[in-house]
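Student:
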Amino acid sequence: ASGQQPGGASATKAGSPADAAFADPANRFTLLVFTADGTDFGWEMTKVNHANLSAQGFAVIEPRERGGKVLLHVGAFGSFAAAEQVRTKVADAPGPDGKQTPYAGAYVVNIPR
């Protein structure tokens, strides 16, 4: 898995511990924290939010495209309860542009397999 995109501003690479946990079948739940259209602008906004959440210490997963949308997930959890605990923290996290809580709508989803 090659992770670096040319010119990518993100310091994270595919194959990070967060991505490994996301791929582990023992973990069934994740948080969907940000969705954008699969356009260049959508990808750019997703990268900005990835960097913002990563800088705040969240286990951000490399963005994925599904059904024409770019999805940004945080964490990989074995239980819904564990995911919900982190969801409350993500929901309170500040955004990259100083907006209060752009991730307030984050919710627990099954990890797509």
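Residue 52 in our numbering sits at position 52 of the sequence shown, with consecutive numbering throughout. Beta carbons: idealized from backbone N, C-alpha and C, even for Gly. Please read these numbers as outputs of a predicted model, since none were measured by experiment.
1) Rounded to the nearest angstrom, how far is the Cβ of residue 58 from that of residue 110, given a contact under 8 angstroms?
2) In chain order, what residues of the same chain lie with their CB nearer than 7 angstroms to the CB of residue 95, ignoring the 5 residues before and after it?
3) Looking at the unbroken beta strand (DSSP E) that takes in residue 42, where does it start and where does it end?
4) Whole angstroms is fine: what's the gap from residue 26's alpha carbon to residue 78's?
5) One question on the structure: do residue 74 and residue 33 come within less than 9 angstroms of each other, judged by their Cβ atoms?
6) Report the option in 50, 86, 39 whose CA atom is closest to the CA atom of residue 68.
7) Identify the continuous beta strand (DSSP E) that holds residue 64 and give its terminal residues.
Tutor: Reading from the atomic positions:
1) Taking the first residue of the sequence shown as position 1, residue 58 is located at position 58. Taking the first residue of the sequence shown as position 1, residue 110 is located at position 110. Taking 8 angstroms as the upper bound for CB-CB distance, residue 58 and residue 110 are not in contact here, some 19 angstroms apart.
2) Locating residue 95 in the sequence shown gives position 95, counting from the first residue. Take residue 95, set aside five residues on each side of it, and the residues of its chain with a beta-carbon closer than 7 angstroms to its own are 52, 102, in chain order.
3) Stepping through the sequence shown from its first residue, residue 42 is reached at position 42. Bounds of any beta strand (DSSP E) do not take in residue 42; it lies within the alpha helix (DSSP H) bounded by 40-55.
4) Translated into the one-based positions of the sequence shown, residue 26 becomes position 26. Translated into the one-based positions of the sequence shown, residue 78 becomes position 78. Roughly 6 angstroms between the two C-alpha positions.
5) Mapped onto the sequence shown, residue 74 falls at position 74. Mapped onto the sequence shown, residue 33 falls at position 33. Taking C-beta atoms as the reference points, residue 74 and residue 33 count as a pair closer than 9 angstroms.
6) The residue you call residue 68 lines up with position 68 of the sequence shown. Its Cα nearest to that of residue 68, the residue 39 stands out among 50, 86, 39.
7) Here the question's residue 64 lines up with position 64 in the sequence shown. Start and end: 64-66.
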